[in-house]
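**Student:** Chains as they are written, first to last, in my numbering: chain F, 78 to 350; chain L, 78 to 350; chain A, 78 to 350.
Glycine included, each C-beta is placed from N, C-alpha and C at the ideal position.
Can you read through this structure? Questions will come right after.
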């Protein structure tokens, strides 16, 4: 069911503008190529608008933000909104520092976002809202488990409604929701947390999937999340004695490179609540 | 015939200053080490001149440029010119935005470059010239194929004459020319386009080959282009079931690590027109 | 004997703030995850203090420094000192340019450092002192070999006393000293020098080991140095025909991923002088 959204990425080969952190940017670029999209990176305010204009979608990731790149994020985001391009926000470290929280919240207030993807802690921070917005009740557990699932699903839906976009909370169980429906996704492996940037890579892919599937945003985001988790499972099955997190990183990108709609449909494990 | 230029790199171990984008910079550093050169990176204007002064050559790549690093590019470029060091320009994204086009054109106007390497679209953009220079006829096809080869060769030679440097247009067929001679190179594999930064890596290697072979600049650039393409072929032959673009990236750098003049001479496929 | 300091890292999973160069930052993040620590990167002055405050230790690496990130280094360093967090300095390129030398020297003068790690050339530069400090005699050979070992050990101890921190000089033989004792470490392989960033990765690990072992700083640093060298040996033993420096990089991180106190104790090769 979700495979068709992956196939659209390979068919349309969307060009995605990424303003992302310098820690994991190479892996983001390679996983975008692996899934059939094309990456371009530009964070200089004077350059970012024009680069966004030639792309189909925008991925904003605030890891290693600085004042110059924050300006680039606003400039690119406004331009993408003006042109109707999908925009995704990855609020890396929201809650960990004032600058990160305020930047994420400011982008959320200023831009029309199509998706926000983070871990539960980052999303809870944003759910509290800014001085100009009223937040939803973020009194939810700090990890999404089978026990906390029901309240977590309700929280993610409420957050999606609050911010008017798809909300994706990724962790041991991944939740991808709009205000009405939530994909509860059980792909992936815990060892993915031992690689830097699997979240950043997923955000890049989600932006590509959104760009290729503008009429089915929730399904597109869910497909990207399932694909990333499934890639983690396939990559793990190819690990040999002595392989560790660096090789695992390569194998995950390799697994996306070989994935298509059919393999995604066979391996995706989700329910809709 | 071209192998001797590779052997010179291993013999002289040139130190190359790279002002390059943060997306692919790690791969550029590792491929420079793989071919026998040493990389150093510095983009702060106050630092760049002195770093250039202790190096033998300079590689300027404008991907992820910003106003600060553009100043660093000019400062380092002027110093390298003053010292007679080879300078290569990789005009990433020229034509895609005003800042990129103007920066590439400005560097081309201001500096004495030894080589310019880009894809056909970037080089066509530069061929149109700036307000202060007159461009050559860039009415050439958007891809170099067997059908468009003759006009493409003429175009690359004319561009080399216009800018007074070696010109390298890389793609399915690679062209490396000065105003009189053009190496038409048929090494490489299409899958290299699914890895981020093979072009950036090649630019770094070309700067190293130029630095080690100052008396044979055209041959040095052609040797680097053949080596990169041949590495793509060798790496592909080592790919196993399930390997994708991330592993391919590693294997290409590994192939350069094991290459020398003799293996290059055996595998290089080119003609001179 | 040193294994227990590695086990402490896995047990405590320290969060380490890294202000480090964009060339090797991804490998630094992955090796920190591999050894059981967690990395976070932030170099914006307005952000760096708060990020340091949520971490346990700080790793400052001046490769690809710029004026903005230098401010971030001072801000984070002062905050870490205030909070009593361990701080490590990797003075990449000290001696190669005025900005690098002055920045490293300034950080050394201003901050209370727990460890300084560099190659012999960088440490000799710092040993000469600034206008406000008096340096030790740096008339020592430019490489640490069996022949120059005695004078090198004396030099590193004197430098450690001068700067009031652990001093680590890494190369063919690694020396890790305080003013009284010097670990002479003979792990590692020469091929590690053909990978970009093994030094940066080691600095990240040393910061993690210091953070997890605040009562045994010298031993913690020596354990990290032995672990990195041993990882280079284990990784080399897993190299296959055609593998080169890019694969070697992955295998070294993989080897750290599988290492623990027991394997470190079996493989560590050092004496104390």
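#1: On the premise that residue 82 (chain A) lies in contact with residue 235 (chain A), defined as a C-beta separation below 8 Å, what is that separation, rounded to the nearest angstrom?
#2: Taking DSSP as the reference, what is the three-state secondary structure of residue 337 (chain L)?
#3: By the three-class DSSP mapping on this structure, what secondary structure does residue 163 (chain F) have?
#4: Would you please verify whether the beta carbon of residue 142 (chain A) is less than 8 Å from any beta carbon of chain L?
#5: Please report whether the beta-carbon of residue 111 (chain L) lies at a distance below 8 Å from any beta-carbon of chain A.
#6: Where does the unbroken beta strand (DSSP E) through residue 194 (chain L) begin, and where does it stop?
#7: For residue 314 (chain F), decide whether its Cβ has a neighbour in chain A, counting only Cβ atoms nearer than 8 Å.
#8: For a contact meaning CB atoms closer than 8 Å, what does residue 102 (chain L) contact in chain A?
#9: Please classify residue 305 (chain L): does DSSP put it in a helix, a strand, or coil?
#10: Where does the unbroken beta strand (DSSP E) through residue 118 (chain L) begin, and where does it stop?
#11: Given that a residue counts as buried once 16 or more other Cβ atoms are within 10 Å of its Cβ, and exposed if not, what is residue 267 (chain A)?
#12: Under a Cβ-count criterion, where at least 16 other Cβ atoms within 10 Å of its own Cβ denotes burial, should residue 343 (chain L) be classed as buried or exposed?
#13: Does chain L have any CB closer than 8 Å to the CB of residue 177 (chain A)?
#14: For the alpha helix (DSSP H) containing residue 415 (chain F), name the first residue and the last one.
#15: Return the CA-CA distance between residue 252 (chain L) and residue 188 (chain L), expressed in angstroms with no decimal places.
#16: How far does the alpha helix (DSSP H) with residue 240 (chain F) in it extend, from its first residue to its last?
#17: For residue 321 (chain A), decide whether its Cβ has a neighbour in chain L, counting only Cβ atoms nearer than 8 Å.
#18: Report the residue from F:200, F:242, F:248 and F:156 whose alpha carbon sits nearest the alpha carbon of residue 220 (chain F).
#19: Report yes if the CB atom of residue 288 (chain A) is closer than 8 Å to the CB atom of residue 170 (chain A), and no otherwise.
#20: The beta strand (DSSP E) spanning residue 244 (chain L) covers which residue range?
#21: By Cβ distance below 6 Å, which residues in the same chain neighbour residue 94 (chain L) in space, the five residues on each side in sequence not counted?
#22: Please compile the residues from chain L whose C-beta is within a distance smaller than 7 Å of the C-beta of residue 174 (chain A).
#23: Determine whether the beta carbon atoms of residue 92 (chain F) and residue 115 (chain F) lie at a separation below 8 Å.
#24: Of the residues that make up the region 256-286 of chain L, which ones have a beta carbon closer than 9 Å to any beta carbon in chain F?
#25: Could you give the C-beta distance for residue 261 (chain L) and residue 250 (chain L), rounded to a whole number, given that I count them as a contact under 8 Å?
#26: Where does residue 100 (chain F) fall in DSSP's three states?
#27: Could you name the residues of chain F that residue 118 (chain A) contacts, counting a contact when the two beta carbons are closer than 9 Å?
#28: Any idea if residue 269 (chain A) is buried or exposed, counting beta-carbon neighbours within 10 angstroms, 16 or more meaning buried?
#29: Report, in whole angstroms, the separation of the C-beta atoms of residue 140 (chain F) and residue 277 (chain F), which I expect to be a contact under 8 Å.
#30: Based on Cα-Cα distance, which residue from F:223, F:224, F:167 and F:183 lies nearest to residue 198 (chain F)?
#31: Quick check on residue 162 (chain L) - is its C-beta less than 8 Å from some C-beta in chain A?
#32: Using the C-alpha atoms, what's the distance from residue 103 (chain L) back to residue 314 (chain F)?
#33: In chain A, which residues lie less than 8 Å from residue 327 (chain F) when you measure between Cβ atoms?
#34: Alpha carbon to alpha carbon, how far is residue 173 (chain F) from residue 173 (chain A)? Give it in angstroms, no decimals.
#35: Take residue 218 (chain F) and list the residues in its own chain whose beta-carbon comes closer than 6 Å to its own, dropping the five residues that flank it on each side.
#36: Between the C-alpha atoms of residue 291 (chain F) and residue 165 (chain F), what's the straight-line distance to the nearest angstrom?
**Tutor:** The answer reads as follows:
#1: Sequence index remark: in the third chain, residue 235 (chain A) carries index 158 (1-based). Sequence index remark: in the third chain, residue 82 (chain A) carries index 5 (1-based). At roughly 25 Å, the Cβ-Cβ gap does not stay under 8 Å, so residue 235 (chain A) and residue 82 (chain A) are not in contact.
#2: By one-based count along the second chain, residue 337 (chain L) stands at place 260. Reduced to three states, the DSSP call for residue 337 (chain L) is coil.
#3: The sequence position of residue 163 (chain F) within the first chain is 86, counting from 1. DSSP places residue 163 (chain F) in coil when its eight states are reduced to three.
#4: The sequence position of residue 142 (chain A) within the third chain is 65, counting from 1. With 8 Å as the cut-off, residue 142 (chain A) counts as an interface residue toward chain L.
#5: Working through the second chain from its first residue, we reach residue 111 (chain L) at position 34. Judged by the 8 Å Cβ criterion, residue 111 (chain L) is in contact with chain A.
#6: Translated into the one-based positions of the second chain, residue 194 (chain L) becomes position 117. 192-195 is the span of the beta strand (DSSP E), which, as asked, contains residue 194 (chain L).
#7: Residue 314 (chain F) sits at position 237 when you count from the first residue of the first chain. No, because no Cβ of chain A sits closer than 8 Å to the Cβ of residue 314 (chain F).
#8: In the second chain, counting from the first residue as 1, residue 102 (chain L) sits at position 25. Within chain A, the residues near residue 102 (chain L) are 99 and 100.
#9: What you label residue 305 (chain L) is simply residue 228 of the second chain in a count that begins at 1. Note: residue 305 (chain L) maps to helix in three-state DSSP.
#10: Position 41 of the second chain, counted from the start, is the residue given in the question as residue 118 (chain L). Residue 118 (chain L) -> beta strand (DSSP E) spans 115-118.
#11: Indexing the third chain from 1 puts residue 267 (chain A) at position 190. Counting Cβ neighbours within 10 Å, residue 267 (chain A) comes out exposed, since fewer than 16 surround it.
#12: The residue you call residue 343 (chain L) lines up with position 266 of the second chain. Burial call: exposed.
#13: On the third chain, position 100 is the one that residue 177 (chain A) refers to. For residue 177 (chain A), the answer is yes, since a Cβ of chain L falls inside 8 Å of its Cβ.
#14: What is shown of chain F runs 78 to 350, which leaves residue 415 (chain F) out entirely.
#15: Counting from one through the second chain, the residue named residue 252 (chain L) turns up at place 175. Counting from one through the second chain, the residue named residue 188 (chain L) turns up at place 111. Roughly 23 Å separates the two Cα atoms.
#16: Locating residue 240 (chain F) in the first chain gives position 163, where the first residue counts as 1. Run containing residue 240 (chain F): 226-240, per the alpha helix (DSSP H) assignment.
#17: Numbered from its first residue, the third chain carries residue 321 (chain A) at position 244. Residue 321 (chain A) counts as touching chain L.
#18: The sequence position of residue 220 (chain F) within the first chain is 143, counting from 1. Among F:200, F:242, F:248 and F:156, the Cα nearest to that of residue 220 (chain F) is on F:248.
#19: Locating residue 288 (chain A) in the third chain gives position 211, counting from the first residue. Locating residue 170 (chain A) in the third chain gives position 93, counting from the first residue. No; because the gap between Cβ atoms is not below 8 Å, this pair is not in contact.
#20: For the purposes of this step, residue 244 (chain L) is taken as residue 167 along the second chain, with counting starting at 1. Run containing residue 244 (chain L): 243-246, per the beta strand (DSSP E) assignment.
#21: Taking the first residue of the second chain as 1, we reach residue 94 (chain L) at position 17. Contacts found: 117, 128, 129, 132 and 135.
#22: Taking the third chain and counting its residues from 1, the one referred to as residue 174 (chain A) is at position 97. 124, 127 and 128, listed in chain order.
#23: One-based indexing of the first chain puts residue 92 (chain F) at position 15. One-based indexing of the first chain puts residue 115 (chain F) at position 38. Their beta carbons are under 8 Å apart, which means residue 92 (chain F) touches residue 115 (chain F) by this criterion.
#24: 270, 271, 272, 273 and 274
#25: For the purposes of this step, residue 261 (chain L) is taken as the residue at position 184 of the second chain. For the purposes of this step, residue 250 (chain L) is taken as the residue at position 173 of the second chain. About 6 Å; that satisfies the 8 Å criterion.
#26: Numbered from 1 along the first chain, position 23 holds the residue referred to as residue 100 (chain F). If DSSP states are grouped into helix, strand and coil, residue 100 (chain F) belongs with coil.
#27: The count along the third chain starts at 1 and reaches residue 118 (chain A) at position 41. What residue 118 (chain A) touches in chain F: 98, 99, 100, 140 and 141.
#28: Taking the first residue of the third chain as position 1, residue 269 (chain A) is located at position 192. With 16 or more other Cβ atoms within 10 Å, it is buried.
#29: Locating residue 140 (chain F) in the first chain gives position 63, where the first residue counts as 1. Locating residue 277 (chain F) in the first chain gives position 200, where the first residue counts as 1. Rounded, the Cβ-Cβ distance is 7 Å, consistent with contact.
#30: Stepping through the first chain from its first residue, residue 198 (chain F) is reached at position 121. Among F:223, F:224, F:167 and F:183, the Cα nearest to that of residue 198 (chain F) belongs to F:167.
#31: Working through the second chain from its first residue, we reach residue 162 (chain L) at position 85. No, its Cβ sits nowhere closer than 8 Å to a Cβ of chain A.
#32: As a first step, residue 314 (chain F) is located in the first chain; it is residue number 237 there, counting from the start. As a first step, residue 103 (chain L) is located in the second chain; it is residue number 26 there, counting from the start. Rounded to the nearest angstrom, the two C-alpha atoms are 28 Å apart.
#33: Residue mapping note: residue 327 (chain F) aligns to position 250 of the first chain, counting from 1. Here the neighbours are 327.
#34: Within the third chain, residue 173 (chain A) is the residue found at index 96, counting from 1. Within the first chain, residue 173 (chain F) is the residue found at index 96, counting from 1. Roughly 36 Å between the two C-alpha positions.
#35: The residue given as residue 218 (chain F) occupies position 141 in the first chain. Same-chain partners within the cutoff: 225.
#36: Walking along the first chain from the start, residue 291 (chain F) turns up at place 214. Walking along the first chain from the start, residue 165 (chain F) turns up at place 88. Straight-line Cα distance between these residues: approximately 13 Å.
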